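J.: For the sequence shown, the positions run 27 to 654 when this note's numbering is used.
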Amino acid sequence: MKWIGQHIYDLISRFRSDVYLEDVSTGTIASGAHLGLDSNNKIVKAADGGGDLTSIVAGTGLSGTSLTGPIPTLNVDASQPTITTLAGLDAIGTQSEDLDISSYTLVNIDRTALHGNTGAETISALHIDLDRTVPTSGTYIHRDLGIDLDVTSASLGTSSLRGMDIDVIGTTSGTSTATGIELNVSGADTNIGMQILCEGEQLRLSHNLDDYATFTVADTGDLTIETVGNGSVDSDLILKADGRVIIQPADGKTVNIKSTQTSSSTAGAKLNLLSDDGAALGDDHLLGRLAFGAAEDSSGTIRTGAKIEAYADAAWSASENGTRLEFKTMDANNTSELSLTLDSDLLATFAGAVTVTGALTGDLTGDVIGDVTGNLTGQADTVASIAGLAPNTATTQASQPNITGVGTIGTGVWNATAIASAKMATASASAQGAVELATTAEAITGTDTGRAVTPAGLKARVSQIVNLKGYAVLQNDVFDYANAYNTDDEAPFQLDVSYGSGTINSSTEVAQSKLFRAGGFHVPFACTVSDIQAQLTCNNDGNVSIALVEYRPSDAGGDTNDHPRTVYETVVVDSANNNNKVSSTTIATGDLDNTAIPAGSHLMIMVKGDGTSVGGTAVFSVAIGLSW
Numbered sequence: 027m028k029w030i031g032q033h034i035y036d037l038i039s040r041f042r043s044d045v046y047l048e049d050v051s052t053g054t055i056a057s058g059a060h061l062g063l064d065s066n067n068k069i070v071k072a073a074d075g076g077g078d079l080t081s082i083v084a085g086t087g088l089s090g091t092s093l094t095g096p097i098p099t100l101n102v103d104a105s106q107p108t109i110t111t112l113a114g115l116d117a118i119g120t121q122s123e124d125l126d127i128s129s130y131t132l133v134n135i136d137r138t139a140l141h142g143n144t145g146a147e148t149i150s151a152l153h154i155d156l157d158r159t160v161p162t163s164g165t166y167i168h169r170d171l172g173i174d175l176d177v178t179s180a181s182l183g184t185s186s187l188r189g190m191d192i193d194v195i196g197t198t199s200g201t202s203t204a205t206g207i208e209l210n211v212s213g214a215d216t217n218i219g220m221q222i223l224c225e226g227e228q229l230r231l232s233h234n235l236d237d238y239a240t241f242t243v244a245d246t247g248d249l250t251i252e253t254v255g256n257g258s259v260d261s262d263l264i265l266k267a268d269g270r271v272i273i274q275p276a277d278g279k280t281v282n283i284k285s286t287q288t289s290s291s292t293a294g295a296k297l298n299l300l301s302d303d304g305a306a307l308g309d310d311h312l313l314g315r316l317a318f319g320a321a322e323d324s325s326g327t328i329r330t331g332a333k334i335e336a337y338a339d340a341a342w343s344a345s346e347n348g349t350r351l352e353f354k355t356m357d358a359n360n361t362s363e364l365s366l367t368l369d370s371d372l373l374a375t376f377a378g379a380v381t382v383t384g385a386l387t388g389d390l391t392g393d394v395i396g397d398v399t400g401n402l403t404g405q406a407d408t409v410a411s412i413a414g415l416a417p418n419t420a421t422t423q424a425s426q427p428n429i430t431g432v433g434t435i436g437t438g439v440w441n442a443t444a445i446a447s448a449k450m451a452t453a454s455a456s457a458q459g460a461v462e463l464a465t466t467a468e469a470i471t472g473t474d475t476g477r478a479v480t481p482a483g484l485k486a487r488v489s490q491i492v493n494l495k496g497y498a499v500l501q502n503d504v505f506d507y508a509n510a511y512n513t514d515d516e517a518p519f520q521l522d523v524s525y526g527s528g529t530i531n532s533s534t535e536v537a538q539s540k541l542f543r544a545g546g547f548h549v550p551f552a553c554t555v556s557d558i559q560a561q562l563t564c565n566n567d568g569n570v571s572i573a574l575v576e577y578r579p580s581d582a583g584g585d586t587n588d589h590p591r592t593v594y595e596t597v598v599v600d601s602a603n604n605n606n607k608v609s610s611t612t613i614a615t616g617d618l619d620n621t622a623i624p625a626g627s628h629l630m631i632m633v634k635g636d637g638t639s640v641g642g643t644a645v646f647s648v649a650i651g652l653s654w
């Protein structure tokens, strides 16, 4: 049919055979639309993209034609050099070719947007698992890199390069712990957590732009740790250790404290020993100690050979800071010997004789008491009368090195040095003679049979032995003490109340009622600890630590909770791993950490095990010698 002009017909046409369209022009299909047949085989326009796939033809580098499931599965083949989009990629094959993802975000996960809030879970934004399968024979050199980043950049302006930028932000909605990098390295002959190769600062720890610290290793291997502040306050370097701080230089090398400050009367290298528990220093308390020790046997047992200790001569305050220095050496019996004391009254006291090999030059003010061997050369203001010797004048010398006789001395006051005991008859039970008085230290020792004891020496020697016993099932590095005697039939012998810490100090406080009712020994007056001996049996191997501590009761308003004030000594006893063997350890007076016990104190014991003795039952006895 052929029409000239415009004719519009409203017709319904049905075709029983195939329909062909010829001379069809190319064009653009409307977005979201296509033609199809409805259930009555009518041609309709659809916009839902419906229809079922019957097959898939995989493109270059892809394989897989599975139609099972709502989404077809395609696999990435060996080599894909020009992939520009990675959507839903689960894995990349173990190939040697590089993956170029320039200008693309490899992983972008919004957990809430994709999946909503879920329960407890562990997710990884990026997980890289590199596994190498080695051959069954042969020896090869491998260098495996889980992540290898190479950043090369250039700029005509200011350039900032970062090999890795990690931002980890926690929340306060729960209990959150944020960790920037966690490294777990193990299983090799040599395990290194992190190795940084850098020509400048290898590590910078920053609080902000102005306050930071750097770790720098020079090409000589020298390590420099430097703190940098904004200039308003000092940037200190603080080392806190839950144990000893050990500095071990190479053989023959020294530990130096260097000052680069311009020298003056106040500038120079300084080493301060500070004692600060937050309270004023008590009378006779230790300020600090400088000790010299060495191994006494092949097992590496360290023994202190000498030490210099500073003590408070009185309780400190804003107006009282009296201090004395004690110089102590060790005798052949491993006992600390007080050699020299410099007190706050500018008095130097030598415990033994003083030998001067050179000339003693200068004015000597005061009395010289004791034996003088050698010549006294000089001029005295006055010379006491000796057999007609007149007081010294400008022309008369007082030097009389060898007076062999003075005749009979009838009257007068003897102001000279003491007569040597060798020149006097020795007193006995049946004869008169010279009696030598023992020093306070000799009276305390209590072994001398040839000297008399003064009342002061006798008072110093008054002593008592206190014995504290008990048993405990040992914890690993956690102290236990006795339960309250009014709640436990085994008190005070069963130590089953956990102190909660392996260190006894003010950071761990307990109720005063527990400490007061835990048994122990009440000391009514001031005294000192002279000796400590600990004995124990234990059915486990390892070490057992028994601490002798001091608790001071208080009725102050804020002292309902308290802590043991002083640890006099922690005796470490090596368990014999047998209940029928008793191990003993003795601590002499010179090796005690503290000795002074104030009046009103309570002495008690606390016990803990280690990683080997933990779980064992230890039965122990501690004998404490008290002197006053």
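C-beta atoms are modelled at their ideal positions from N, C-alpha and C, and glycine is treated no differently. Since we're looking at a predicted model, the values are computed, not measured.
Just to confirm before moving on: does the CB-CB distance between residue 549 and residue 653 stay below 8 Å?
T.: No, Cβ-Cβ distance for residue 549 and residue 653 is not below 8 Å.
J.: My output table needs one value for residue 538: the three-state DSSP class, helix, strand or coil.
T.: helix
J.: Considering residue 553, what are the terminal residues of the beta strand (DSSP E) in which it resides?
T.: 553-564
J.: Using DSSP with H/G/I as helix, E/B as strand and the rest coil, what is residue 635?
T.: strand
J.: Excluding the 5 residues preceding and the 5 following residue 410 in the sequence, name in chain order all residues of the same chain whose CB lies nearer than 7 Å to its CB.
T.: The pLDDT assigned to residue 410 is 49, lower than 50, so where the model puts this residue is not dependable; a value taken from the coordinates is nonetheless given after this. Contacts found: 441.
J.: What number of angstroms, rounded off, separates the C-alpha of residue 377 from the C-alpha of residue 369?
T.: Roughly 13 Å separates the two Cα atoms.
J.: If you follow the beta strand (DSSP E) that residue 496 is in, where does it begin and where does it stop?
T.: 489-499
J.: Run through DSSP, which three-state label would residue 484 get?
T.: Looking at residue 484 - three-state DSSP - the assignment turns out to be helix.
J.: According to DSSP, simplified to helix, strand and coil, what is residue 326?
T.: coil
J.: State the beta-bridge partners of residue 179 as determined by DSSP.
T.: Paired residues: none, contrary to the question.
J.: Please list the terminal residues of the continuous beta strand (DSSP E) segment that includes residue 200.
T.: Looking at the DSSP string, residue 200 is not in any beta strand (DSSP E), and its letter there is neither H nor E.
J.: Going by C-alpha distance, which of 561, 496, 644 and 604 is nearest residue 631?
T.: 496
J.: Have a look at 339, 614, 360 and 42 and flag the residue whose alpha-carbon is nearest the alpha-carbon of residue 351.
T.: 339
J.: Just to confirm my understanding: we take residue 621, look at its own chain, exclude 5 residues before and 5 after, and list those with CB closer than 8 Å. What are they?
T.: 554, 555, 556, 594 and 615
J.: Among residues of its own chain, excluding the 5 on either side of residue 569, which ones have a beta-carbon nearer than 8 Å to its beta-carbon?
T.: 598, 599, 600, 601, 635, 636, 638 and 639
J.: Please name the residue, chosen from 331, 180, 489 and 646, that lies closest to residue 565 on a Cα-to-Cα basis.
T.: Cα-wise, what sits closest to residue 565 is 646.
J.: How many Å lie between residue 463 and residue 454 at the Cα?
T.: 14 Å
J.: In angstroms with no decimal places, state the Cα-to-Cα distance between residue 619 and residue 589.
T.: Approximately 18 Å between the Cα atoms of the pair.
J.: With respect to the beta strand (DSSP E) encompassing residue 597, which residues constitute its N-terminal and C-terminal limits?
T.: 592-600
J.: May I ask you to report which of helix, strand or coil DSSP gives residue 588?
T.: strand
J.: Could you give the DSSP three-state label for residue 468: helix, strand or coil?
T.: helix
J.: Between residue 229 and residue 240, which are expected to be in contact by the criterion C-beta below 8 Å, what is the C-beta distance as a whole number of angstroms?
T.: 7 Å
J.: From residue 696 to residue 587, what does the alpha carbon distance come to, in whole angstroms?
T.: Residue 696 lies beyond the stretch modelled for the chain, which goes from 27 to 654, so this question has no answer here.
J.: Assuming residue 522 and residue 560 form a contact by the criterion Cβ under 8 Å, report the distance between their Cβ atoms to the nearest whole angstrom.
T.: Their Cβ separation, rounded to whole angstroms, is 19 Å, which puts residue 522 and residue 560 out of contact at 8 Å.
J.: In the DSSP output, what is residue 506 paired with across the bridge?
T.: In the DSSP assignment, residue 506 is bridged to 524 and 633.
J.: Please classify residue 284: is it buried, with 16 or more other beta-carbons within 10 angstroms of its beta-carbon, or exposed?
T.: Exposed is the call here.
J.: What separation, rounded to the nearest whole angstrom, lies between the Cα atoms of residue 61 and residue 44?
T.: 16 Å
J.: So residue 508 and residue 520 are supposed to be a Cβ contact under 8 Å. How far apart are they, rounded?
T.: Between the beta-carbon of residue 508 and that of residue 520 there is about 7 Å, and that keeps the pair under the 8 Å contact cut.
J.: What's the gap between the Cα of residue 512 and the Cα of residue 607?
T.: About 33 Å.
J.: Does the beta-carbon of residue 387 have 16 or more other beta-carbons within 10 angstroms, so that it is buried, or is it exposed?
T.: exposed
J.: On the CB-based measure, 16 or more other CB atoms within 10 Å of its CB, does residue 321 come out buried or exposed?
T.: exposed
J.: Going by DSSP in three states, residue 437 sits in which element: helix, strand or coil?
T.: coil
J.: First and last residue of the beta strand (DSSP E) that includes residue 352?
T.: Per DSSP, residue 352 belongs to the beta strand (DSSP E) from 349-356.
J.: If you reduce the DSSP assignment to three classes, tell me which class residue 615 lands in.
T.: helix
J.: Compare the C-beta of residue 359 with all C-beta atoms of chain D and state if any pair is closer than 8 Å.
T.: You won't find chain D in this structure, because it holds only one protein chain.
J.: Have a look at residue 36 and residue 48 and give me their C-alpha separation to the nearest angstrom.
T.: 23 Å
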